[in-house]
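K.L.:
The opening position of the sequence shown corresponds to residue 879 in this note's numbering, with each subsequent residue numbered one higher. One structure, pasted below without further comment.
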Amino acid sequence: MDIFQCVPNISVSSRTVLEDMVDAVSEYVSVMDHSCDTDHNRSVITMTGSSEELIPAVVQLARMALEHIDINEHRGAHPRIGALDVVPVVPLFDTSMDSAVELSYNIGEAISALGIPVYFYEESARSKGYRFLEEIRRGGYEWLREHTDERPPDLGDRLHPTAGACAVGARGPLIAFNVNLETGDKTVAEVIAREIRALRKKKDRRMEGVKALGLYLRSAGVVQVSTNITRPDKTGVFPVYDYIRQRAEELGSGVKNSELIGVVSEDISAAIVRDALRLEDFDAGRVITRREE
């Protein structure tokens, strides 16, 4: 049986709404993790299951997003285009990417049937301009609402009046890693994020597959370098952290703390420890939970 990880991102930060959503999808799938953030005004649910389990779970999330969220009233630091903003599908174990693409199309059709237009991205992209999620979300919901004809969805015609649109796509593993700095000056985070993007564009190996944004977190009064590490097989978490730390210090700030969103594998966890401590000959095989298997 093909097994997938699905990581819906929802434009809501109410813990009550999130818990209700988790309870609802738990009837269909295994929920591995869930979290919400007030400044981003966003929730993330990490779940696993077969296609037969994931499709009704995502449909239930879409229905609940329609019930609880008006994207016109939504304000948050994170870019978004809709209430159920993005639904990534990741093949696990021996499941093929082709199977993940097929599932993403089926999920997209089910969401579209609720009147929510759908954009397909990454491996599921049906047009070159939609491959990268940031291109679909450029300008956010407000721009897309006024210029849908310039960026038409793959399924549906116009944005839903309260739910906006949804991006659905099959992709490989991704690490969502954020670093909060000891300053409220957004310029510092924006400079570092811009440098990371430039290094990636130049194909600098230090930042291969790393996407970054500089954000302001109003509740904490600090700024954040928010990253997506899309090639964790090439670029580790600690090297990204260390680069941000060094540049923050050079710009007169420092690191307050950092966070991982969702779940990571034992291999990635071991790599973080290995890189941070400069351990020789250390991998997931030396983690006790792995040794017990």
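Note that the Cβ used here is the ideal one computed from N, Cα and C, for glycine as well. Note that this is a predicted model, so its numbers are computed, not measured.
Put Met879 into one of helix, strand or coil per three-state DSSP.
P.N.:
The answer is coil: DSSP assigns Met879 none of H, G, I, E or B.
K.L.:
Which residue wins for smallest C-alpha separation from Glu951, given the options Asn1135, Met879 and Tyr1019?
P.N.:
The shortest C-alpha separation from Glu951 is found at Tyr1019.
K.L.:
Using the three-state DSSP reduction, which class does Lys998 fall into: helix, strand or coil?
P.N.:
At residue 998 the sequence reads Phe, which differs from the Lys that was named. Strand at Phe998.
K.L.:
Classify Ile1166: buried if its beta carbon has 16 or more other beta carbons within 10 angstroms, exposed otherwise.
P.N.:
With fewer than 16 other Cβ atoms within 10 Å, it is exposed.
K.L.:
When the distance is taken between beta carbons, is Gly1017 closer than 8 Å to Ile949?
P.N.:
Cβ distance not < 8 Å, so Ile949 and Gly1017 don't count as in contact.
K.L.:
Thinking just about the alpha-carbon of each residue, which of Asn1135, Asp1082 and Ala988 is nearest to the one in Ser1104?
P.N.:
Ser1104 has its Cα closest to that of Asn1135, out of Asn1135, Asp1082 and Ala988.
K.L.:
Please tell me whether Leu944 and Met899 are closer than 8 Å, where the distance is taken between their beta carbons.
P.N.:
No.
K.L.:
Below 8 Å, can you find three or more Cβ-Cβ pairs linking the stretch 956–971 to the stretch 1027–1047?
P.N.:
A contact exists between the stretch 956–971 and the stretch 1027–1047.
K.L.:
Can you find at least 3 beta carbon pairs, one from the stretch 1070–1078 and one from the stretch 1123–1134, that sit closer than 8 Å?
P.N.:
Yes, they touch.
K.L.:
Put Tyr1094 into one of helix, strand or coil per three-state DSSP.
P.N.:
It is a strand residue.
K.L.:
For Arg1023, which residues from the same chain have a beta carbon less than 6 Å from its beta carbon, with the 5 sequence-adjacent residues on both sides left out?
P.N.:
For Arg1023, where only same-chain residues beyond five positions count, the Cβ hits under 6 Å are Leu1037.
K.L.:
Quick one: what's got a C-beta closer than 6 Å to Leu1129's C-beta in the same chain, skipping five residues either side?
P.N.:
Cβ neighbours of Leu1129 beyond the five flanking positions: Val1066.
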